[in-house]
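Peer 1: Residue numbering for the sequence shown is 1 to 285, as defined by full-length UniProt numbering. Even glycine gets a Cβ: it sits at the ideal position worked out from N, Cα and C. Provided herewith is a single structure, encoded as structure tokens, for subsequent inquiry.
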Amino acid sequence: MEALAGKCASWFQIEQTGACMDVELELDEHEKKRPAVFGRQPRGTWTLKIVAHRGYSGKYPELSRLAFEKALELPIHGIECDVRMSRDGKVVVNHDATLDRTSDRIGKLSALDWAEIKLADIGTEKHPQQYPLLLDELLEMWEPSGQHLYIETKHPGAAGDILEEQVVLRLRYAGLIDDPRIHIISFSHRAIRRMKSLAPHMDRIYLRRDWERHFNRPDVLLSEPTGLGMSLLRGKLQPSAIGAYGLPTYMWTIDKPEDMKWAWANGVDILATNQPEVALHAIQM
1 MEALAGKCAS WFQIEQTGAC MDVELELDEH EKKRPAVFGR QPRGTWTLKI VAHRGYSGKY
61 PELSRLAFEK ALELPIHGIE CDVRMSRDGK VVVNHDATLD RTSDRIGKLS ALDWAEIKLA
121 DIGTEKHPQQ YPLLLDELLE MWEPSGQHLY IETKHPGAAG DILEEQVVLR LRYAGLIDDP
181 RIHIISFSHR AIRRMKSLAP HMDRIYLRRD WERHFNRPDV LLSEPTGLGM SLLRGKLQPS
241 AIGAYGLPTY MWTIDKPEDM KWAWANGVDI LATNQPEVAL HAIQM
């Protein structure tokens with residue numbers, strides 16, 4: 001590969017189902033060295049992992065079966081979902097504590113049984129008649145795909161620590177507790193510590209809230225996450241936090257091509273986006 005005047009050429013890989021696709025980019029000299037800036041060893045390739053945030057939510061109803069089906073058809077690294085518990089102890093795929101924003105019904109999930117929740121239409125005018133999923137149902141449709149699955153346990157919530165216990169039970173029941181493609185993510189240090197106790201081998205990513213000024217060292221040492229996450233806003237305000245403690249960085253929610261390229265150039269490992277097809281196109285340009 002011929003060097004270009006004033007620039008150097010480099011390669012990175014986009015992890016896909018069963019394979020990786022090489023993509024060539026032109027980088028400035030200081031960008032080429034960016035893995036070393038964040039305490040990592042320079043390497044000839046850089047793996048950028050694209051994760052469909054709440055499924056393909058930029059085009060289809062978020063967290064719906066359709067959104068996940070469409071995301072699983074793409075050559076991307078994985079999908080992300082949020083889970084909460086119903087009143088009768090079911091692990092439900094839902095972001096908000098209530099049904100109000102995304103469905104034709106209202107009410108807190110923690111105050112409703114699954115028999116009521118499953119009737120809520122979370123579809124849109126363009127894609128109607130979509131209904132909430134149980135984690136069990138999502139696991140069943142996801143497992144054969146070869147993609148990774150990022151499960152965010154939502155806190156605070158009425159279930160408290162029971163949520164992580166139930167997630168682990170559902171994974172055991174599905175025979176997936178030892179599957180390395182499963183990742184747990186959470187804004188709660190307590191949840192990350194809980195998962196360390198329940199499933200110490202499982203990848204655990206602590207998500208940093210925008211108001212946190214830094215990754216608190218005692219919390220990180222206590223929780224022992226295997227990855228750290230931050231928003232695009234926090235990453236741009238404090239790029240030195242990318243790769244903190246030598247851990248992989250998960251960044252959300254990146255939907256613009258220019259921001260996707262910025263994330264790659266600054267050492268982000270896992271890119272969560274509502275627009276996975278835009279990401280696939282942007283990083284090939």
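1. Just checking, does the stretch 116 to 133 make contact with the stretch 188 to 201 on the three C-beta pairs under 8 Å criterion?
2. Residue range of the alpha helix (DSSP H) that residue 175 falls in?
3. DSSP state of residue 260, grouped into three classes?
4. State buried or exposed for residue 291, treating a residue as buried only when at least 16 other CB atoms are found within 10 Å of its CB.
5. Could you tell me which of 135, 146, 267, 77 sits nearest to residue 241, measuring between CA atoms?
6. Report the option in 79, 234, 200 whose CA atom is closest to the CA atom of residue 142.
7. Looking at the strands, I want to know which residues DSSP matches up with residue 271.
8. Go through the stretch 90 to 137 residue by residue and report every complete run of the alpha helix (DSSP H) that reaches 4 residues or more, in order.
9. Is it right to say residue 221 is buried, meaning 16 or more other beta carbons lie within 10 angstroms of its own, or is it exposed?
10. Counting only runs of 4+ residues fully inside the stretch 207 to 234, write out the alpha helix (DSSP H) ranges in chain order.
11. What's the gap between the Cα of residue 284 and the Cα of residue 202?
12. How would you label residue 159, buried or exposed, when you count the other beta carbons within 10 angstroms and need 16 or more for buried?
13. For residue 99, count neighbouring Cβ atoms within 10 angstroms of its own Cβ and tell me buried if that reaches 16, exposed if not.
14. For residue 216, does the count of other Cβ atoms within 10 angstroms reach 16, so buried, or fall short, so exposed?
15. Take residue 290 and list the residues in its own chain whose beta-carbon comes closer than 6 Å to its own, dropping the five residues that flank it on each side.
16. Would residue 44 be called buried (16 or more neighbouring beta carbons within 10 Å of its own) or exposed?
17. How far does the beta strand (DSSP E) with residue 186 in it extend, from its first residue to its last?
18. What distance in whole Å lies between the Cβ atoms of residue 53 and residue 253, which are believed to be in contact at a cut-off of 8 Å?
19. Quick one: measure Cβ to Cβ for residue 208 and residue 184, integer angstroms, because I've assumed they're closer than 8 Å.
20. If I measure Cβ to Cβ from residue 290 and keep anything under 8 Å in the same chain, skipping five residues before and after, which residues do I get?
21. Please work out which residues of its chain come closer than 7 Å, Cβ to Cβ, to residue 88, disregarding the five sequence neighbours upstream and downstream, and give them in chain order.
22. When we look at the beta-carbon of residue 101 and count the other beta-carbons within 10 Å, is it buried (16 or more) or exposed?
23. In the structure shown, what three-state DSSP assignment does residue 60 receive?
24. For my contact list, residue 90 and residue 97 are in at a C-beta cut-off of 8 Å; report their separation, rounded to the angstrom.
25. Just to check my reading of the structure: residue 51 and residue 270 have Cβ atoms closer than 8 Å, yes? What is that Cβ distance to the nearest angstrom?
26. What residue range is occupied by the uninterrupted beta strand (DSSP E) comprising residue 149?
27. Taking only three categories from DSSP, how would you classify residue 205?
28. With DSSP as the reference, label residue 87 as helix, strand or coil.
Peer 2: Reading from the atomic positions:
1. no
2. Per DSSP, residue 175 belongs to no alpha helix (DSSP H) and is neither H nor E.
3. helix
4. Nothing can be reported for residue 291, as the shown portion of the chain is limited to 1 through 285.
5. 267
6. 79
7. 50, 251
8. 114 to 117
9. exposed
10. 217 to 223
11. 31 Å
12. buried
13. buried
14. exposed
15. The structure shown has nothing for residue 290, since the chain only spans 1 to 285.
16. For residue 44, the predicted structure reports a pLDDT of 38, less than 50, and the residue's modelled location is therefore unreliable. A value from the coordinates is still provided. So residue 44 ends up on the exposed side.
17. 182 to 186
18. 5 Å
19. About 16 Å; that fails the 8 Å criterion.
20. Any property of residue 290 remains undetermined from this structure, which presents the chain solely from 1 to 285.
21. 113, 114
22. exposed
23. coil
24. Not quite, the Cβ-Cβ distance comes to about 15 Å (not below 8 Å), so this is no contact.
25. 6 Å
26. 148 to 153
27. strand
28. coil
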